[in-house]
Structures are given as structure tokens and as C-alpha cells.
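Numbering (my numbering), first residue to last: 1 to 262.
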Amino acid sequence: MVAFQIQETQAPVYRRPEALSLAHTNYCPGCTHGIAHRLLAEAIDELNLRERTILVAPVGCAVFAYDYFSVDGCEAAHGRAPAMATGIKRLQPDRMVVTYQGDGDLVSIGIGEIIHAAGRGEPITALFVNNANYGMTGGQMSPTSLPGQKTSSSADGRSTQQTGAPMRMCELLSQIDGAAYVVRRSLHDVTHIRKAKKAIVTALRVQQEGLGFSMVELLSTCPTNWGMTPEAAMHWVESHMLPYFPLGDYKISDAVKALAGE
């Protein structure tokens, strides 16, 4: 009998980030919350922030986010994550405070909170996951649902005459002086996922340096409520969401540019 010894000839291309816990998530198959979690965890690890980070979870699909990360975490009332993050950061300014919010949480009941946090220039980081509907409660129309988009509360498609136009948060917050870094990225393919990772790292560095408020918006999928396969949902982001929510850097302060060496 000949014994064969198998040796690894290549370095591993992926390891589970230490900032992610081993817990099973509640997310539907194909949902890009899992990708967003991984990117945030990788960024925390790369910057060696795991022991300093406090995550503020929202009400929404990510309601149990504090169970999915190996960092300190807490739960905020619906839409109030920026207010809770403000209190935590002011009491413990050496901590990295991150809110993780969906469009129903940040843009609807919490829109006043996020605007005033940016206006005050609070040195916190918001991760804004935009999937254009209320994911947790059954796929109702949200403030970012697209014109004509069918949801469980707009069966004939969103009417802008009745409900107004979708809110573009990056464009709105970029006009506020206290905002230092406001960008929009997407999670619909590998290239854009890599760009999203770089943006999250930059946003955390902005907070590290005390340069002001930072937010990264991530265009994301919701295959279950959209009634699509995961693959079709990725294509829908590209064909429908990107034209209405253009990707890009909406606010990069001079201090942030200096940080990036531009």
C-alpha cells in the first residue's frame, strides 16, 4: 500500500473574520446582509478595532446583529440608533461606535436622528443597508422603494403622486457641514463588493481620526420580498436601483482627503 501525503501548496484565500461570531443568522437565502456583515467584520479586524468597537443594532432584518459579531453591542429603538450611538460615543470617546441600519429604520422613522447626527458632526459611523423595502415586516413600501415598484403595500406599484419620490440619503446628507464622508456602494457583484469594503475601512478610519460623521450606503438585495431568485435580485439591483441611486462619493471633506493622501 502506498501512502499519499497531501500538502497545501497555496495560502488560503479566505478566513472567517475574528469579528464575526459563529452564530447562525436569520437572513433569507441570497440576502446581502451576510456580505455586508462580512465586510464590516473584515474592516474591524484589519484596523485592529475588535476590542474597541460597539455596534448599535436597529429594528429591522438586522435586529440581532449584535449576536453575529464578536464585538460589544446593544439594541436601539426603531430609528434611534444614531441617538444611542451619540450617547455612547460622548461617554466613551475612545470607542468605535457603528450603527447598522436598513432603509425602513434610517430613512423613515429615523430620518431625523441621522440628519441631526450628521449636522452635529458626531464622530460615529453609519452603515446603511438599502434594499428598497421593509424586509423584516413583510416587504412593505419604504422611503427608498422605487417609482412603480410593487410591494406588499403598493400592489399596483409605487405612485410618486401619492407617496412622493424615493429619498436619496447620500445626496441629502452630503449637503450637511458636519458630514465628513458620505458614499454609496453596491453589493451586487464582486467588483462592487471590493469597493464597498474599501469604503467601510475608510469610514472607520474617519472615525478613528475624529474627523466627523461618516456613512456608507450599500445597495442590497431582498430576494424573498422581491419575489426573485438570488441571482435575479442581483441583476435587479444593477438594472433598477443603480440608475436611481447612482454610486459614488457624495461628500469627502478636505480632512478625509488628506487622510487618504489625495
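Don't be surprised by glycine CBs; every beta carbon is placed ideally from N, CA and C.
One Cα belongs to Pro246, the other to Met234, and the distance between them is close to 16 angstroms. Under the criterion of beta carbons closer than 8 angstroms, Cys28 and Asn131 do not qualify as touching, at roughly 11 angstroms.
In the structure shown, Leu47 falls within a coil segment according to DSSP collapsed to helix, strand and coil. Scanning Phe128, Arg194, Arg50 and Gly148 for the CA closest to the CA of Ala62 turns up Phe128. For Ile54, the enclosing beta strand (DSSP E) starts and ends at Thr53 to Ala57.
Taken through DSSP and simplified to helix, strand or coil, Leu20 comes out as strand. For secondary structure counted as the alpha helix (DSSP H) over 4 or more consecutive residues, the stretch 52-98 holds these complete runs in sequence order: 65-68 and 81-91. Membership of Met215 in the beta strand (DSSP E) is indicated by the continuous run Phe213 to Leu219.
With fewer than 16 other beta carbons inside 10 angstroms of its own, Val13 counts as exposed. Contact annotation, Pro93 with Ala126: C-beta distance approximately 17 angstroms; criterion of less than 8 angstroms not satisfied. Out of Val256, His78 and Val190, the CA that lies nearest to the CA of Tyr181 is found in Val256. Sequence-distant partners of Ser174 (beyond 5 residues in either direction) whose C-beta falls short of 6 angstroms from its own C-beta, in its chain, are Val182, Tyr250 and Lys251. Nearest neighbour of Val237 by Cα position, chosen from Gln208, Arg205 and Thr144, turns out to be Thr144. Here the stretch 165-172 makes no contact with the stretch 205-214; the two share fewer than three CB pairs at distances below 8 angstroms. Burial state of His24 is exposed, judged by a 10 Å Cβ sphere holding fewer than 16 other Cβ atoms. A check of alpha carbon separations from Ala19 across Cys31, Ala11 and Gly73 identifies Gly73 as the nearest. The continuous alpha helix (DSSP H) containing Arg205 extends over residues Val190 to Gln208.
Here the alpha carbons of Val97 and Tyr66 stand approximately 13 angstroms from one another. Per DSSP, the continuous alpha helix (DSSP H) segment holding Val256 begins and ends at Asp254 to Leu259.
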